[in-house]
Structures are given as C-alpha cells and as structure tokens.
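Participant: Below: one structure in structure tokens.
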Amino acid sequence: MVWTPTPCTVRSVSFGAARNVEEGGSLTIIATALIDTGSKMDEVIYEEFKGTGNMELHLSRKIAEKRVFPAIDYNRSGTRKEELLTTQEELQKMWILRKIIHPMGEIDAMEFLINKLAMTKTNDDFFDMMKRS
0 MVWTPTPCTV RSVSFGAARN VEEGGSLTII ATALIDTGSK MDEVIYEEFK GTGNMELHLS
60 RKIAEKRVFP AIDYNRSGTR KEELLTTQEE LQKMWILRKI IHPMGEIDAM EFLINKLAMT
120 KTNDDFFDMM KRS
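Under numbering that gives the first Met the number 0, the first residue of the sequence shown carries the number 0, and numbering increases by one thereafter.
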C-alpha cells in the first residue's frame, strides 16, 4: 500500500481559502473525527487537522454509555486563545471552574456541570452560585 498525503493537501488548500480572498473573513469548518480505531493513518490525519483548529469538543463513549447527555469530556475539550474571546474577569472564573472540575472523573464532571447549570439561567448566575458554594 502506498501512502499519499492527499488528506493533508486538501486540508492546506481548504484552510487557506479564506486567506486567498481579498478582504476575506474567517472560514468556519466543523468536522468530526473518529479516533482510537487502531489505524495509524487515522491518527496521522487526526493529528494533522488537530493543529489547525482553535476549538476541540471531545465526546465520550463512556459518558454516553451511562446515558448522560451531552456526553462531553469537559477536561479534554477547550478553546485555544480563549483570552481573546472574553473579559479577564470571565476568564478567571473559567479557569477556577476548570481547576474545580479537573480532578473529577469524566462522568462526574459532566453530571456536576449539568446539575449546576440546570439551577441557573445565565453564565453570571452560574458563576455567582459557584462562588457561594
């Protein structure tokens, strides 16, 4: 079997598209990747694409099997350069939340978030409640 870098070339061409348009804005691409398939090629392609994204949302089979939804692995998910998207005050609150959740297992973390978020209507309410507890 001969390997060709075609998937990686497609990535370069596609992600470069927004920069090739005069006064072009951003290009948003939503993609999914199934990993842990045992295929080395899947891992190589995943790692190549992973470096180009600015946000990763990891879903967890373990959480889904327990029927907890959304089945998000909170500790593995995140946004790069989040400091550019929010205020310094909100960023501090988010970092504190991550410190609280990090030691929890993935199922406990998601159940904790679902329960706490259900008790509030806004992010400000949520963080105020977290501060009190």
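The C-beta atom is built at its ideal place from N, Cα and C for all residues, glycine as well. As the structure is a computational prediction, the values presented were derived from the model and not from experiment.
#1: Take M54 and list the residues in its own chain whose beta-carbon comes closer than 6 Å to its own, dropping the five residues that flank it on each side.
#2: Taking only three categories from DSSP, how would you classify I71?
#3: Taking one C-beta from the segment 77-93 and one from the segment 58-66 each time, how about it: are there three or more such pairs within less than 8 Å?
#4: Given this structure, state the Cα-to-Cα distance separating E82 from S38, to the nearest angstrom.
#5: What's the C-alpha gap between G52 and T119?
#6: Kindly indicate which three-state DSSP category M54 falls into: helix, strand or coil?
#7: Based on DSSP bridge pairs, tell me the residues matched to A37.
#8: Can you grab the Cα-Cα spacing for the pair D127 / T27, in whole Å?
#9: Using DSSP's beta-bridge definition, name the partner residues of G77.
Facilitator: The relevant details are as follows:
#1: Here residue 54 refers to the residue found at position 55 when the sequence shown is read from its first residue. Closer than 6 Å at Cβ, skipping near neighbours: T78.
#2: Within the sequence shown, the letter at position 72 stands for residue 71. DSSP places I71 in strand when its eight states are reduced to three.
#3: no
#4: Stepping through the sequence shown from its first residue, residue 82 is reached at position 83. Stepping through the sequence shown from its first residue, residue 38 is reached at position 39. C-alpha separation (whole angstroms): 35 Å.
#5: Your numbering for residue 52 matches position 53 in the sequence shown. Your numbering for residue 119 matches position 120 in the sequence shown. Roughly 31 Å between the two C-alpha positions.
#6: Numbered from its first residue, the sequence shown carries residue 54 at position 55. Correct three-state label for M54: strand.
#7: Start at 1 with the first residue of the sequence shown, and residue 37 comes out as number 38. Note that residue 37 is Gly in the sequence shown, not Ala. Partner(s): none; G37 has no beta bridge.
#8: By one-based count along the sequence shown, residue 127 stands at place 128. By one-based count along the sequence shown, residue 27 stands at place 28. If I take the Cα positions, the gap works out to 33 Å.
#9: Along the sequence shown, read from residue 1 onward, the residue named residue 77 stands at position 78. For G77, which the question treats as bridged, DSSP gives the partners E55.
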